Amino acid sequence: MPLLAPLKRLQNSRSQAALVFLGMLALTSYGLYSNSQRVKQEQELLLGRLARAQASAIERRINQSLSTTYALAQELQRKGGTLEDFPAFAKQLIASTGLVNNLQLAPQGVVTEIYPLAGNEPAIGFHIFDDRSRWNEAHLAVTRRSLALIGPFDLIQGGGMAVIGHYPVFLKSQEGERFWGFTSAVIMLADLVKVTELDRLEGQGYAYRLSRVRPDDGKKQVFSRSEAELGQPVVSENIHLPNATWTLSLGLVKTSPWRHGLFNLLLELAILSLASVLLVRILREPERLQQLAPWPFPHSTRSRLSG
Numbered sequence: 048m049p050l051l052a053p054l055k056r057l058q059n060s061r062s063q064a065a066l067v068f069l070g071m072l073a074l075t076s077y078g079l080y081s082n083s084q085r086v087k088q089e090q091e092l093l094l095g096r097l098a099r100a101q102a103s104a105i106e107r108r109i110n111q112s113l114s115t116t117y118a119l120a121q122e123l124q125r126k127g128g129t130l131e132d133f134p135a136f137a138k139q140l141i142a143s144t145g146l147v148n149n150l151q152l153a154p155q156g157v158v159t160e161i162y163p164l165a166g167n168e169p170a171i172g173f174h175i176f177d178d179r180s181r182w183n184e185a186h187l188a189v190t191r192r193s194l195a196l197i198g199p200f201d202l203i204q205g206g207g208m209a210v211i212g213h214y215p216v217f218l219k220s221q222e223g224e225r226f227w228g229f230t231s232a233v234i235m236l237a238d239l240v241k242v243t244e245l246d247r248l249e250g251q252g253y254a255y256r257l258s259r260v261r262p263d264d265g266k267k268q269v270f271s272r273s274e275a276e277l278g279q280p281v282v283s284e285n286i287h288l289p290n291a292t293w294t295l296s297l298g299l300v301k302t303s304p305w306r307h308g309l310f311n312l313l314l315e316l317a318i319l320s321l322a323s324v325l326l327v328r329i330l331r332e333p334e335r336l337q338q339l340a341p342w343p344f345p346h347s348t349r350s351r352l353s354g
């Protein structure tokens with residue numbers, strides 16, 4: 048019977064230690080989960096601010112560049128539909144924006160003049176209304192008498208993807224106003240990405256995607272993206288442009304799901320391993336103390352010593 052008491056105490060210690068171990072396991076798991084949720088919320092807030100800033104920069108730069116079509120239209124109206132100094136005037140407008148690749152005049156929808164002309168010769172004679180992919184937007188621009196942004200699409204003269212702003216010009220006559228044609232501004236997509244520093248985001252650990260819904264078939268078109276894939280979390284911000292809406296999606300660079308999971312697992316194992324070592328020592332402590340303690344005196348001896 049005297050030997051059963053230490054065993055019972057040892058069993059109780061083990062039971063208590065097991066409960067402590069399970070409790071630490073639950074607390075560690077909950078702590079890691081809570082921390083990951085907090086980090087995710089902070090990342091979403093940061094991504095949201097960054098996405099809004101980038102979307103605003105894209106919207107501002109495009110609208111500023113498209114304002115060159117208004118300036119051309121006003122000059123045409125002032126001079127009755129002829130612009131003999133078009134190259135010099137267009138050169139000044141392009142220099143003022145820093146983003147426009149070339150400016151065009153298209154009386155009755157047919158491109159007759161481009162500045163700069165070098166490299167853009169294949170676009171001379173292009174009929175905007177004959178292009179099925181642009182007809183709806185070009186016709187809408189004339190009907191609404193407002194600027195239309197068309198694209199992005201590959202230019203017929205080559206050079207990559209671009210967007211084109213077509214502004215309808217109307218001239219006054221004795222019969223009223225008549226449609227003269229379009230003043231157009233071409234913006235290369237690569238230049239837009241560069242000037243708004245979207246291409247630098249990947250070096251900072253972010254990935255992006257620019258998309259729109261095509262007006263002709265209603266399908267989503269992703270026309271610019273970072274080399275790295277979007278990872279979680281992802282936030283999206285709309286970019287409002289003349290008769291068009293783009294969407295900028297921004298997120299962290301996608302990594303293997305095992306990367307963060309493995310880190311959390313290793314951290315949890317490290318904590319639990321340390322807890323296990325401490326628990327083993329706790330479990331062995333009664334046994335160690337029992338080995339260090341002297342053998343119990345007989346009852347008669349204890350009585351004599353106490354007396």
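The numbers in the sequence shown follow our numbering, run straight up by one, and end at 354. Here a beta-carbon is modelled for each residue, glycine too, at the ideal position from N, C-alpha and C. Just so we're clear, the structure is a prediction, and the values are computed from it rather than from any experiment.
Buried or exposed (CB count within 10 angstroms, at least 16 for buried), residue i
i	result
A137	buried
G127	exposed
P215	buried
V269	exposed
S231	buried
T129	exposed
E168	exposed
S303	Reliability of the predicted coordinates at S303 is poor, the pLDDT of 48 falling under 50, and no value is obtained from them.
L102	According to the sequence as given, residue 102 is Ala; it is not Leu. With 16 or more Cβ atoms within 10 Å of its Cβ, A102 is classed as buried.
L146	buried
P199	buried
N148	buried
A100	exposed
T292	exposed
R181	buried
E131	exposed
L92	exposed
E224	exposed
G252	exposed
G265	exposed
A254	buried
A135	exposed
E284	buried
E222	exposed
A165	exposed
Three-way DSSP call (helix, strand, coil) for residue i in this model
i	result
T144	helix
E91	helix
V280	Looking at the sequence itself, residue 280 is Pro, so the reference to Val does not match. Of the three classes helix, strand and coil, the one that applies to P280 here is strand, per DSSP.
P215	strand
S273	coil
L239	helix
R96	helix
L130	coil
L295	strand
G252	coil
E122	helix
N110	helix
R261	coil
Q221	coil
K138	helix
Of the listed residues the options, nearest to residue i (C-alpha basis)
i	options	result
I228	V157, E91 and L295	Per the sequence shown, the amino acid found at residue 228 is Gly instead of Ile. Considering only alpha carbons, the answer is V157.
R261	R192, L196 and A135	L196
Q279	V300, L140, T292 and N290	V300
L295	G265, E274, A120 and R256	R256
D201	L194, L94, I211 and R192	I211
H35	E249, R99, L152 and S258	Here the chain has residues from 48 to 354 only, and residue 35 is not among them.
L245	A98, G172 and E222	A98
S271	G223, L164, T243 and R191	T243
S273	R259, E249, S283 and R192	E249
L194	Q121, H213 and K266	H213
V160	A185, E122 and F133	Per the sequence presented here, residue 160 reads as Glu, with Val not at that position. Checking every option, the nearest Cα to that of E160 belongs to F133.
F226	S258, T190, Y253 and L277	T190
I105	I171, S258 and A275	S258
P163	G252, K219 and A142	A142
I171	N183, A185 and L150	L150
T116	A188, D178 and G298	A188
F217	L94, E122, S114 and R96	E122
A120	R96, R192 and N183	R192
R282	G298, A275, K267 and E276	One point to set straight first is that residue 282 is Val, not Arg, in the sequence displayed. Out of G298, A275, K267 and E276, G298 has the C-alpha closest to the C-alpha of V282.
A275	K267, E184, N183 and R247	R247
V233	R96, S114, L94 and G95	S114
P154	F176, Q139, L277 and T144	F176
N183	L140, D263 and K267	D263
R125	K267, L277 and K219	K219
I203	D178, L94 and Q139	D178
Quiz prompt | Inter-stretch contact at 8 Å, needing at least 3 Cβ pairs: the region 190-208 / the region 230-245 | solution = yes
Exercise. Quick one: which unbroken beta strand (DSSP E) runs of 3-plus residues sit fully inside the region 153-207? Chain order, please.
Key: 160-162 and 195-201
Quiz item: Are the region 100-111 and the region 276-294 touching, with three or more C-beta to C-beta distances below 8 Å?
Solution: yes
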